[in-house]
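Quick note on my numbering: the sequence shown kicks off at 4 and runs consecutively.
All C-beta atoms, glycine included, are put in the ideal place defined by N, C-alpha and C.
Beneath this line is the structure, given in structure tokens, with notes to follow.
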Amino acid sequence: MKPMEGEVRLEGKRIEEPGLDRGIVFQEPALFPWLTALRNVAFGLEMSGMDKHALNERAEAVLKIVGLERAKNLYPFQLSGGMKHRVAVARAWALPKASVLLMDEPFSAIDAINRMTLQKYLIDAWLAEPRTVIYVTHDIDEAIYLADRIAIMTPSPGRIGQYVTVDMPRPRDRNSARAADLRSELTEIMRRLGSH
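This is the structure:
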């Protein structure tokens, strides 16, 4: 889609098409059903021209970070919903030149227990290989657990209404007094901005 106005830039460069310098994870895992977990993760690496030995090593290393090293030879139909989402995260994370990952509610369709597990795997991946992640969520607790900075959107037209810094050390305790205070603060800001 071409913008009606304005532009998006990454590190000074105008973005006009998909590129291997950024990864994306959608609400649905969007895996290739004819490829194994390993080959799904390796796909973007193949497109970047990485040699086969190096891309297999990289794909296996990232699958290990998300806890799927033993599932590398399974096809999507053999994976649970949570495992498919981990493969999708690993596929985006594997791109070595991707300085930014865009994640559009990647865990929204997952049950609460698996969602917490996926959030931990995402944090583990980020701790192993830090990079910028822009993560869209409607879940306040998820935002507090994952984010260093939260941008709260206004309703139509959607604009950033306010930023909130999450000043909690990692690993984060979801049930701490600070998490409860942040939850209240974010809820009040959303109410004031008319966010849903």
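Secondary structure at R162: coil, using DSSP grouped into helix, strand and coil. In this structure the segment 33-48 touches the segment 75-94; the number of beta carbon pairs closer than 8 angstroms is three or more.
When DSSP states are grouped into helix, strand and coil, Y148 belongs to the helix group. Linking R186 to I147 through their CA atoms gives a straight-line distance of about 8 angstroms. Judged by DSSP secondary structure, L104 falls within the beta strand (DSSP E) whose first and last residues are V103 to D107. Membership of Y124 in the alpha helix (DSSP H) is indicated by the continuous run A115 to A131. Linking I137 to D114 through their CA atoms gives a straight-line distance of about 22 angstroms. In the DSSP assignment, V167 is bridged to I153.
Under DSSP, T135 takes part in a beta bridge, and its partners are V103.
Fully contained in the segment 42-73 are the following alpha helix (DSSP H) runs of length 4 or more, in chain order: 55-68. Beta-bridge pairing by DSSP links R25 to V103. DSSP, read as helix, strand or coil, puts R89 in helix.
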